[in-house]
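J.: In my numbering, the protein residues as written are 1163 to 1270. Got a structure here, written out as structure tokens. Questions coming.
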Amino acid sequence: MTVSNIKTALLEACLNGDAELFIDFLQSDLVETNMPNKMRFYRFFKRMIKDSQENTIGGLNLRIEDADWLEKDGRQIYCSYDQMHKYPRLTLIVKETTNRIYIETMPF
């Protein structure tokens, strides 16, 4: 398992609205989260995906965005937009290194 595989699974889970696609990858030692443990992260992530699917019009499209307040430590914002709304339906902050991926959830 590589960081690239984990990132691909994360994106597929977000865009397809199915958190279960990511659970096996989440349990890898290469993944770190901002939650106290990975199961808590998974429950919150699953709920966020469910809520984003309920509020989405059309399919989701991913945009990886840089933010001034995140650039200095290499983090990027993964925003999933639908076809109607101006603001993202799902947002994650991701920091990638060669042997580790760190994932933060945004509450809104």
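Heads up, the beta-carbon is just placed ideally off N, CA and C, and yes, glycines get one too. These figures come from a predicted structure and were not determined experimentally.
1) Using DSSP bridges, identify the partner residues of Ser1242.
2) Using the beta-carbon count (16 or more within 10 Å), is Pro1250 buried or exposed?
3) So, with DSSP's three-state summary, where would you put Ile1265?
4) Leaving out five residues before and five after Met1210 in sequence, what residues of the same chain have Cβ atoms less than 8 Å from its Cβ?
5) Could you check if Ser1166 is buried or exposed, using at least 16 other CB atoms within 10 Å of its CB as the buried criterion?
T.: Let's see:
1) Residue pairing by DSSP places Ser1242 opposite Leu1224, Leu1252 in a beta bridge.
2) buried
3) Looking at Ile1265 - three-state DSSP - the assignment turns out to be strand.
4) Leu1252, Thr1267
5) Ser1166 comes out exposed.
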